[in-house]
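Following: one structure in structure tokens, then a few remarks.
Residue numbers (our numbering): -14 to 191.
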């Protein structure tokens, strides 16, 4: 059964910060998959901020500050562990949900992979109801896909992509800016976490 791993990803200061940062970012982006853990994410975010501050202060090798940093590291790891338990429960063994929360998988779960997800080749973006600031996306389904990760941003911009996860191969992107052109892409999420994006398609919001 798929489970999130912690120890090998939190054994050093840098990996602990990186892992916690990724978990917070991913869990927030995909919060609709596990809304009941919002409080746990807030606790983890506060623990990470405190640890980062104490790590900076401990760089001067003050014995008291180093001790405080080490104590906060324990608190941060506990916050990660508490969140991982809730994510594991919400996932019910589905590795994609665990990956969506930013956690890495145990080796046994990773070994059940069906391989690299294929590149989606039929992404379509359409405005079916003008004036609603909504674009309808759809892509050909893949039988091994547990989730579909649709992403969008304004066309010709260097903005980061906004990701939206869906259990279905169709999705409505709402609250877009009127008369703006957006670009869209999608990747299947199977047992292998590496994304394999479709070609980018564009659509103007009318």
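We treat Cβ as the ideally placed atom computed from N, Cα and C, and that holds for glycine.
Per DSSP, residue 121 lies in no alpha helix (DSSP H); the unbroken beta strand (DSSP E) holding it starts and ends at 120 to 123. C-alpha of residue 23 to C-alpha of residue 144: approximately 26 Å in a straight line. Put simply, the region 32 to 48 does not touch the region 102 to 119. Fewer than three CB pairs are less than 8 Å apart. In the DSSP secondary-structure assignment, residue 137 is bridged to 147, 169. Just measuring C-alpha positions, the residue of 51, 45, 4, 74 sitting nearest residue 30 is 4. For residue 7, the closest of 18, 33, -14, 189 by C-alpha to C-alpha distance is 33. If you draw a straight line from the Cα of residue 102 to the Cα of residue 128, it is about 11 Å long. The three-state reading of DSSP puts residue 161 in coil, since its state is none of H, G, I, E or B.
Per DSSP, the continuous alpha helix (DSSP H) segment holding residue 61 begins and ends at 48 to 76. With contacts defined as CB atoms closer than 9 Å, residue 167 and residue 149 fail to qualify as a contacting pair.
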